[in-house]
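Q: Residue numbering for the sequence shown is 1 to 635, as defined by UniProt numbering.
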Amino acid sequence: MPGCYQDIYDHSITERDAFWAEAANALVWDKKWDQVIDLSTQPSAQWFGGGMVNTCFNALDRHVDAGRGDQNALIYDSPVTDTVAHYTYRELRDEVAHLAGAMQQRGVGKGDLVIIYMPMIPQAAMAMLACARIGAIHSVVFGGFAAHELATRINDAKPKLMLSASCGIEGSRVIAYKPLLDRAIDQATHKPDAVFVWQRPQAKADLTPGRDFDWHDICAKASPADCVSVAATDPLYVLYTSGTTGQPKGVVRDNGGHMVALNWSMKNIYGVSAGDVFWAASDVGWVVGHSYIVYGPLLAGCTTVLYEGKPVGTPDAGAYWRVISQHGVKALFTAPTAFRAIKRDDPNAELLKDYDLSCFEALYLAGERSDPDTLQWAERHLGVPVIDHWWQTETGWPMCANPRGIELLPIKYGSPTVAVCGWEVHAVDESGHELPRGKIGALVAKLPLPPGTLPTLWHNDARFVSSYLAEYPGYYATGDAGFIDEDGYIYVMSRTDDIINVAGHRLSTGAMEEVLSGHQDVAECAVIGVHDDLKGQVPLGFMVLKAGVNRPDSEIIAEVIAMVRDQIGPVAAFKQATIVERLPKTRSGKILRRTMRSIADGETYKTPATIDDPGILPEITDALRDIGYARDVAG
């Protein structure tokens with residue numbers, strides 16, 4: 001593949017240390033590293049060992065010192081409270097320094113862990129940065145998370161302090177956080193020393209004397225804290241992966257490698273520089289919020305948008321267009337499910353006509369497979385590159401993307417394009433042997449992983465090895481399946497457990513979903529493999545229709561069955577589908593296919609902790625019973 005990208009990519013692989021040393025030199029180090037990468041450390045290689053650094057300094061103070069303190073660092077846009085607020089780099093630094101000082105006064109210091117249980121308000125970002133400022137480790141847990149799930153994370157993380165707010169707002173619902181927080185602390189065997197609570201006007205929280213403190217009051221009395229230098233290899237945060245059951249799995253992120261990788265990614269992947277407005281429409285409870293609401297944009301000197309709202313319903317399907325237009329957003333990063341929702345409610349993008357999007361240059365999608373129909377719909381109406389890219393909580397930043405900041409490569413629908421610099425991605429068979437181009441297998445990344453990825457799991461090296469390194473020695477197992485084509489484009493088809501075996505044929509449910517999503521009436525869909533006595537497994541489709549569709553379900557189902565037969569072939573054995581009002585998802589938009597499969601096969605299942613609306617599962621159960629599945633389901 002000719003061009004600028006290939007030369008830079010090759011350099012990142014053949015001259016790895018020089019490549020990342022150059023990227024690291026763009027940031028401020030208290031002490032330079034002794035070596036770029038140490039391959040002798042266990043359980044994984046370490047980046048920038050011997051280096052001393054502070055992530056908060058590089059995200060805030062560095063820009064103020066460079067004379068850009070009056071530039072907007074963060075724009076808070078909350079349609080659910082009808083609020084827009086701006087924080088310059090200087091203002092954000094000062095708020096963070098006072099919060100960090102208040103934390104120090106309560107005994108929090110370098111290496112202590114702090115749990116953050118917050119809604120999408122500026123104080124959530126301030127909390128993360130304040131921890132980084134004083135060398136404390138933060139662990140963000142979704143605001144509104146169930147008390148039991150929060151308690152398991154308290155026991156695993158053992159926080160010295162917890163930071164929360166009186167409530168969160170989901171659409172028109174006000175959700176009180178303090179009762180959930182109190183119940184979680186009651187259930188947990190570990191007890192935090194103190195809790196800071198940000199009081200929101202929508203709901204006041206009762207504070208427990210001696211343990212709980214009013215956030216505003218305690219910060220007002222605190223002296224601002226200076227940045228504390230930490231080792232590049234020290235943890236910055238612990239983030240628990242979505243859908244964990246039983247013992248939580250805490251992904252650890254280091255300071256140095258993380259800082260270098262994210263800063264590099266902003267320009268080279270997302271094509272933005274200091275002063276540009278970048279918006280990741282996610283939540284700080286997800287890795288996307290960590291990497292691309294808070295750290296990435298601020299390290300790069302961008303203005304980041306923190307949005308407390310939905311793609312539809314706050315107030316309508318034009319919400320994203322309004323934010324882009326109002327704040328001059330150059331690049332947006334969101335989940336494909338957000339655009340499916342917009343497309344479902346406003347199929348012809350009529351609301352787009354109300355806004356000037358001349359500032360807008362690119363849309364990035366990740367978190368769920370980007371079906372070509374939704375991607376093409378966005379391309380058609382927005383008139384900008386729509387870039388699917390692939391990464392995970394564990395990796396911290398993209399593994400595959402169209403490197404727009406280096407060179408915009410031709411887009412192939414269904415592919416997140418090519419391996420990002422520093423990443424060597426392969427498709428392998430069950431024995432770990434590399435497969436020929438075009439053959440579906442497990443997608444793996446060659447070790448050592450580039451900077452910014454997980455060095456281990458929180459206090460559990462053995463589980464890190466067994467979960468990610470043991471299955472394919474010499475590689476990181478992504479848990480995703482796919483193939484690489486003749487041009488080096490990578491196709492992520494599904495999770496490895498969503499490759500179904502139909503009468504001995506290995507088939508991707510993702511490929512079938514692409515066909516279903518191409519139907520003119522389908523807004524979004526999911527395909528799962530269900531048990532079949534004869535064939536082992538057969539595919540079963542779920543479809544949500546676009547707004548305004550007024551045709552018999554049976555007609556649409558017959559059409560998609562014919563489309564799968566035509567485009568994939570009879571071998572797919574795709575003969576059943578059902579139409580539902582909505583699909584069960586996590587808060588980040590991932591469709592809960594494994595849970596749906598358990599319901600269909602009549603297996604006992606555990607409602608995932610990160611489900612957006614548990615009330616949807618009975619609807620799915622009823623739909624499955626109507627077509628002869630879910631006979632003995634137990635939730």
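Beta carbons: idealized from backbone N, C-alpha and C, even for Gly.
#1: With a cut-off of 8 Å on the beta carbons, I'd call Y476 and Y468 a contact; round off their distance for me.
#2: Along the chain, where does the beta strand (DSSP E) containing W215 start, and where does it finish?
#3: Counting only the same chain and skipping the five closest in sequence on each side, list residues whose C-beta sits under 8 Å from that of Y413.
#4: Can you tell me which of the three DSSP states D61 falls into?
#5: At which residue ranges does the stretch 340-387 contain complete beta strand (DSSP E) runs of 3 or more residues, listed in the order of the chain?
#6: Could you tell me which whole alpha helix (DSSP H) segments of length 4 or greater appear in the stretch 591-627?
#7: Among W458, V108, P451, which has the Cα closest to the Cα of D17?
#8: Check V549 in the structure and name its three-state DSSP category.
#9: Does the Cβ of I627 have 16 or more other Cβ atoms within 10 Å, making it buried, or fewer, making it exposed?
#10: Three Cβ pairs or more, each shorter than 8 Å: is that satisfied between the stretch 130-142 and the stretch 192-209?
#11: Do G171 and K31 have their CB atoms nearer than 8 Å?
#12: Find out if the Cβ-Cβ distance for the pair A232, G271 is shorter than 8 Å.
#13: Does the separation of the CB atoms of I500 and P539 fall below 8 Å?
#14: On the three-state DSSP scale, how would you describe F464?
#15: Between the stretch 572-583 and the stretch 539-551, are three or more C-beta pairs nearer than 8 Å?
#16: Could you please give me the residues that DSSP links to S78 through a beta bridge?
#17: Could you tell me if L39 is buried or exposed, where buried requires 16 or more neighbouring beta carbons within 10 angstroms of its beta carbon?
#18: CB N263 to CB A26, shorter than 8 Å?
#19: E513: which of E486, S325, D533, V560 sits nearest, CA to CA?
#20: Please classify A331: does DSSP put it in a helix, a strand, or coil?
#21: Could you please give me the residues that DSSP links to T586 through a beta bridge?
#22: Looking at the secondary structure, which residues open and close the alpha helix (DSSP H) in which D226 lies?
#23: Under 8 Å, do V260 and W20 count as touching if we go by C-beta distance?
#24: Just list the alpha helix (DSSP H) runs in the stretch 122-187, keeping only unbroken ones of 4 residues or longer that don't cross its boundaries, in chain order.
#25: According to DSSP, simplified to helix, strand and coil, what is L449?
#26: Compare the beta carbon distance of K178 and D206 with 8 Å and say whether it is the shorter of the two.
#27: CA-CA distance, T334 and H389?
#28: Any contact between the stretch 345-353 and the stretch 584-598? By contact I mean 3 or more CB pairs, one from each, below 8 Å.
#29: With a threshold of 8 Å on Cβ separation, who are the neighbours of C359 within its own chain once the five nearest residues in sequence on each side are excluded?
#30: Helix, strand or coil for C525? Go by DSSP, reduced to three states.
#31: The alpha helix (DSSP H) spanning M259 covers which residue range?
#32: Pick from P235, M126, L236: whose alpha carbon is nearest that of F196?
#33: Taking the runs of the alpha helix (DSSP H) that are 4 residues or longer, which of them lie wholly in the stretch 392-433?
#34: Output needed for H190: all residues of its chain with C-beta closer than 7 Å, excluding positions within five of it in sequence on either side, in chain order.
#35: In the DSSP output, which residue or residues are listed as bridge partners for K204?
#36: With DSSP as the reference, identify every bridge partner of M52, one or two as the case may be.
A: The relevant details are as follows:
#1: 5 Å
#2: Unbroken run through W215 is the alpha helix (DSSP H), 215-220; no beta strand (DSSP E).
#3: P372, L375, Q376
#4: helix
#5: 362-365
#6: 593-600, 616-626
#7: P451
#8: coil
#9: It is exposed - the Cβ of I627 has fewer than 16 other Cβ atoms within 10 Å.
#10: No, the stretch 130-142 is not in contact with the stretch 192-209.
#11: no
#12: no
#13: yes
#14: helix
#15: yes
#16: DSSP output for S78 lists T83 as bridge partner(s).
#17: Burial check for L39: the Cβ neighbour count within 10 Å stays below 16, so the residue is exposed.
#18: Yes, they are a contact pair.
#19: V560
#20: Judged by DSSP in its simplified three-state form, A331 adopts strand.
#21: I611
#22: Segment: none, D226 is in no alpha helix (DSSP H) and carries neither H nor E.
#23: yes
#24: 122-133, 147-157, 178-187
#25: In the structure shown, L449 falls within a coil segment according to DSSP collapsed to helix, strand and coil.
#26: The Cβ atoms of K178 and D206 lie closer than 8 Å to each other.
#27: 11 Å
#28: no
#29: V277, I324, S325, G328, V329, K330
#30: Strand at C525.
#31: 256-268
#32: M126
#33: none
#34: Apart from sequence neighbours up to five positions away, the residues of its chain that approach H190 with a beta-carbon distance below 7 Å are I154, N155, K158, ordered along the chain.
#35: K204 pairs with nothing; no bridge assigned.
#36: K31, A231
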